Amino acid sequence: MKNQKAFTILLILNIFYSLALLLYPMMLIGAAFSSGAPIDPALKWYVNAYLLIIVSYPLGPFLSYFCWMFYKRLSFRWAYVMANLPLLWVLAFIIIEFLLQRTHS
C-alpha cells in the first residue's frame with residue numbers, strides 16, 4: 001500500500017457513504033411525500049431546493065469513489081477532497097433546512 005493512513009481513511013469514508021446509500025430509498029420516499037400538502041408560495045423555492053438536494057444525493061457517493069484514482073496516482077490531497085465530496089450535499093441540506101426554518105417561523 002502506498003499510504004496506510006490515507007488508505008484507511010478513504011476506505012472508512014467509502015464504506016460509510018455506501019451504507020448511507022442503503023438508506024437513500026427511504027429518504028427519497030420521504031422527500032416525495034413531504035411536498036404533498038399545499039405549499040406557501042414563499043417557501044416554494046426552499047422546498048424545490050430541498051427536493052433537488054435529496055434527489056441528487058447519490059451523485060456524491062458515486063463521485064467519491066474516484067478518490068481511488070487519485071490514491072493510485074499518489075495524489076493524496078485530491079483523494080481526500082474527492083472522498084469528502086458527499087459532505088457538500090450534507091452542508092447544502094443543513095443550509096436549506098436552516099433557511100427553511102428561519103423563513104417559516
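Note that UniProt numbering has the sequence shown beginning at 1, numbered continuously upward.
Think of the CB as a built atom: it goes at the ideal place given N, C-alpha and C, for glycine as much as any other residue.
Given the structure is predicted, the values throughout are model-derived calculations rather than measurements.
Give the DSSP-derived three-state secondary structure of Phe-98 in the structure shown. Note: Phe-98 maps to helix in three-state DSSP.
On the three-state DSSP scale, how would you describe Phe-76? Here Phe-76 sits in helix by DSSP.
Residue interval of the alpha helix (DSSP H) (run including Pro-61): Element bounds for Pro-61: 59-64.
In the DSSP assignment, the alpha helix (DSSP H) including Ile-2 goes from what residue to what residue? Reading off the sequence, residue 2 comes out as Lys, not Ile. Under the DSSP assignment, Lys-2 falls outside any alpha helix (DSSP H); it carries neither an H nor an E label.
Beta-carbon spacing of Tyr-17, Ser-75 below 8 Å: No. Outside cutoff.
Residue range of the unbroken alpha helix (DSSP H) whose run includes Asn-84: First-last for Asn-84: undefined, no H or E at that position.
Please state the DSSP three-state secondary structure of Ser-56. Ser-56: coil per DSSP, three-state reduction.
Burial state of Phe-62 (16 or more Cβ within 10 Å): Label assigned to Phe-62: exposed.
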